[in-house]
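> Each residue of the sequence shown is one higher than the one before, starting from 0 at the first, in numbering that gives the first Met the number 0.
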Amino acid sequence: MGTPTFAVPVLKALHKEHTVVAVVSQPDREKDKKGRLLPTAVKACALALGIPCLQVEKVGEHVDELKAYAPDVLITAAFGQLLPQTILDIASRGVLNVHASLLPLYRGSSPITAAILAGDAQTGVTVMQTALGMDSGDILSMASCAIEKTDTTATLTEKLSLLGANLLCETLEKLEKGEITPTPQDAEKATYCKKIVKSDGLLDFSLPASVLARKVCAYDPWPIAYATYNGVPLKIYEAEAVDCEKACAFGTLLVERDALSVRCGEGALKLLTVQLPGKKAMGAAEFLRGHRMTEGEKLNG
Numbered sequence: 000m001g002t003p004t005f006a007v008p009v010l011k012a013l014h015k016e017h018t019v020v021a022v023v024s025q026p027d028r029e030k031d032k033k034g035r036l037l038p039t040a041v042k043a044c045a046l047a048l049g050i051p052c053l054q055v056e057k058v059g060e061h062v063d064e065l066k067a068y069a070p071d072v073l074i075t076a077a078f079g080q081l082l083p084q085t086i087l088d089i090a091s092r093g094v095l096n097v098h099a100s101l102l103p104l105y106r107g108s109s110p111i112t113a114a115i116l117a118g119d120a121q122t123g124v125t126v127m128q129t130a131l132g133m134d135s136g137d138i139l140s141m142a143s144c145a146i147e148k149t150d151t152t153a154t155l156t157e158k159l160s161l162l163g164a165n166l167l168c169e170t171l172e173k174l175e176k177g178e179i180t181p182t183p184q185d186a187e188k189a190t191y192c193k194k195i196v197k198s199d200g201l202l203d204f205s206l207p208a209s210v211l212a213r214k215v216c217a218y219d220p221w222p223i224a225y226a227t228y229n230g231v232p233l234k235i236y237e238a239e240a241v242d243c244e245k246a247c248a249f250g251t252l253l254v255e256r257d258a259l260s261v262r263c264g265e266g267a268l269k270l271l272t273v274q275l276p277g278k279k280a281m282g283a284a285e286f287l288r289g290h291r292m293t294e295g296e297k298l299n300g
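1. I need the DSSP call for Leu259, collapsed to helix, strand or coil.
2. What are the boundary residues of the alpha helix (DSSP H) that includes Ala153?
3. Beta-carbon within less than 8 Å of Thr293's beta-carbon, same chain only, minus the 5 sequence neighbours each way: which residues are those?
4. Taking just the CA atoms, how far does Ala248 sit from Thr182?
5. Classify Ser198 as helix, strand or coil using the three-state DSSP reduction.
6. Beta-carbon within less than 7 Å of Leu37's beta-carbon, same chain only, minus the 5 sequence neighbours each way: which residues are those?
7. Residues in the same chain with beta-carbon distance under 6 Å from Tyr236, minus the five sequence neighbours each way, listed in chain order, please.
8. How big is the Cα-Cα spacing for Leu141 and Arg92?
9. Quick check on this structure: which residue in Ala114, Gly295, Asp185 has the alpha carbon closest to the alpha carbon of Ser383?
10. In whole angstroms, give me the CA-to-CA distance for Thr156 and Ala117.
11. DSSP has Gly123 in a bridge; who is on the other side?
12. Using DSSP with H/G/I as helix, E/B as strand and the rest coil, what is Ile235?
So this is what it looks like as C-alpha cells:
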C-alpha cells in the first residue's frame, strides 16, 4: 500500500524478493498540462511490474476484496490513509510500515520536509508494526541518514526511499527467523508534523535568513518557496543565507552586480535560482539581465 514516489523503491524491492499479490494506491489526482489524470507513482510501477493495482478512496471499505488475496503481510509506505482495525486484521503476519523518520520523531504526513525545516543534521527511516493511531506502533528496525546542507525534500526522499526499501527487506528476513523483538515507542518524546499546503511556500522575510533558506529546500519539489514581486509570484528554487549589514526593512531587495538578495529579520537571503510565471527558471545573473530590479524595491510589498 503506497502512493507517491517514496513508495516505489519499496515496491520494487518487495517484488524482487517476495511475491507481491496486489498493490493498493490512492486514486489518481495529479493532472498534466492538458488536464489529463496522471497515475500515482506506485500505480505506474505496479502496472509496469504486472501487479494488480486497486485504487481506493477509503481502504476500510474494501476489506473483503483484500481478504480474497489472503496476504501473509501488508506493507505500507506513504499510503496516505489511516488503517482501521478491519484492515490491520487481514494479514496473518500483520501490517508493517516504512516511515521516513526516526520515530517517535515526526509522526505524520510530512516527516522529510519537517526534518529539513527544523535544521536537523540527520534523519532516517523506521520499519514499524502498524497499530491504530498515527505512526504509533512498535519499532522493528531503524536506519539513519545525514541531511546535507543542499538536500531538498526531493533529494532526501530519494535517499530515504532506497534506505527504507533495503531496511524493510532485511527486517522481513529477520522477522521470519525470529531475530527481532518489537520495541514500544516512547510516546512522551513523540513529535508531529502537519500536512503541507500550497500557502506554506510564501516566505515571510521578517524571519531569519537561515530559516528561509531551509524553507526553500524543504518546499522543493512542492509547493516551491515563493515571494510576490509587483503583484506576481516569484518562485525561489535555490537560495542561501548570507550576512547583511545594511540597515533596511525586511523584504527589501539588495542588488549588487549579478547578485540578488533580500533583507530578512536576520541577515539576507541570497536568491540563486528564481522563476516568474510563464518564464523558465534561471540564475540570478541571467534573471537580472532580463528584469530590471532596483535596490530598495520590496518583495511581498
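Here a beta-carbon is modelled for each residue, glycine too, at the ideal position from N, C-alpha and C. Since the model is a prediction, treat every value here as computed from it, not as a measurement.
Quick look at the numbers:
1. Position 260 of the sequence shown, counting from 1, holds the residue named residue 259. It is a strand residue.
2. Numbered from 1 along the sequence shown, position 154 holds the residue referred to as residue 153. Residues 152–175.
3. One-based indexing of the sequence shown puts residue 293 at position 294. Here Thr293 has Leu252, Val254 as same chain residues with Cβ atoms under 8 Å from its own Cβ, once five neighbours each way along the sequence are excluded.
4. Position 183 of the sequence shown, counting from 1, holds the residue named residue 182. Position 249 of the sequence shown, counting from 1, holds the residue named residue 248. Roughly 51 Å separates the two Cα atoms.
5. Residue numbering aside, residue 198 sits at position 199 when the sequence shown is read from its first letter. In this structure, Ser198 counts as helix in the three-state DSSP scheme.
6. In the sequence shown, the residue the question calls residue 37 occupies position 38. Hits under 7 Å: Asp27, Glu29, Lys30, Asp31.
7. Along the sequence shown, read from residue 1 onward, the residue named residue 236 stands at position 237. Once the five neighbours on either side are set aside, the close Cβ partners of Tyr236 are Thr272, Ala280.
8. Here residue 141 refers to the residue found at position 142 of the sequence shown. Here residue 92 refers to the residue found at position 93 of the sequence shown. It should be noted that the sequence gives Met, not Leu, for residue 141. Annotation: Met141 to Arg92 spans about 20 Å, alpha carbon to alpha carbon.
9. Outside the displayed span of the chain (0 to 300) sits residue 383, for which this structure offers no information.
10. Translated into the one-based positions of the sequence shown, residue 156 becomes position 157. Translated into the one-based positions of the sequence shown, residue 117 becomes position 118. Taking the CA atoms as reference points, Thr156 sits about 16 Å from Ala117.
11. Taking the sequence shown and counting its residues from 1, the one referred to as residue 123 is at position 124. Looking at the DSSP output, Gly123 bridges to Ser143.
12. In the sequence shown, residue 235 corresponds to position 236, counting from 1. Here Ile235 sits in strand by DSSP.
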